[in-house]
Each structure stands twice: as C-alpha cells, then as structure tokens.
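Enquirer: Throughout the sequence shown, residue numbering follows this note's numbering, covering 2 to 80 in sequence.
Glycine included, C-beta positions come from ideal geometry on N, C-alpha and C.
Bear in mind the structure is a predicted one, so any value in this text is a computation, not a measurement.
Input: one structure, supplied below.
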Amino acid sequence: MTKKKTKRILRIVFIVASISSLYFVPWLLVKAWILPLPDTVQEQMDEAISHGFEGMIVYIDQAGKPPQYYAAGWHDREA
Numbered sequence: 002m003t004k005k006k007t008k009r010i011l012r013i014v015f016i017v018a019s020i021s022s023l024y025f026v027p028w029l030l031v032k033a034w035i036l037p038l039p040d041t042v043q044e045q046m047d048e049a050i051s052h053g054f055e056g057m058i059v060y061i062d063q064a065g066k067p068p069q070y071y072a073a074g075w076h077d078r079e080a
C-alpha cells in the first residue's frame, strides 16, 4: 500500500469511529443539561424525575438559613 492510500483509509476509519461513538453519549443527561432551569428546587427535581431518574433527595444548607430538604421520585416522602 502506498502512503497516500494508508492515509485515506485511516481518515475514513477515524471519521466512522467518531460518528459511531455518538451512540454511547448519555443523551438523557445532555438533554437535562441543556434545558433551562426551573424557578424552584422542587420543580427542578420533578423535571429530573420526568427525564427518567428514579428518585432524588436534596439537602441544602446555606449559611444563616435553616437547612432545607427536598425529595422527589420513587416513594416520595415528605421531609
């Protein structure tokens, strides 16, 4: 094989590998990352559940404020 032919084959292989690697991208997380954030934490958690996550528990501890608990999803319990 000539050098030119080898280069061409490698280019084609790299292009096909790049395109086929898109199959393994976690598209669910990409979609959740791109969408705008809701106004409240609870709305954001409910939206994440609608994207396919099973459940979430969030604990927020800000200085000078009492801690807040949020839960959504599987066996949602009031905190």
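Contact check, GLY56 vs ALA73 under 8 Å by CB: the rounded distance?
Expert: 7 Å
Enquirer: Could you check if MET46 is buried or exposed, using at least 16 other CB atoms within 10 Å of its CB as the buried criterion?
Expert: buried
Enquirer: Alpha carbon to alpha carbon, how far is SER21 from ALA64?
Expert: 47 Å
Enquirer: What residue range is occupied by the uninterrupted beta strand (DSSP E) comprising GLN69?
Expert: 69 to 74
Enquirer: Which residue or residues does DSSP assign as beta-bridge partners of MET57?
Expert: For MET57, which the question treats as bridged, DSSP gives the partners ALA73.
Enquirer: For VAL42, I'd like the list of residues in its chain whose CB is within less than 8 Å of its CB, leaving aside the five on either flank, ordered along the chain.
Expert: A distance below 8 Å between beta-carbons, with the five flanking residues on each side excluded, links VAL42 to the following residues of its chain, in chain order: VAL59, ILE61, GLN69 and TYR71.
Enquirer: What is the DSSP secondary structure of ASP47, reduced to helix, strand or coil?
Expert: helix
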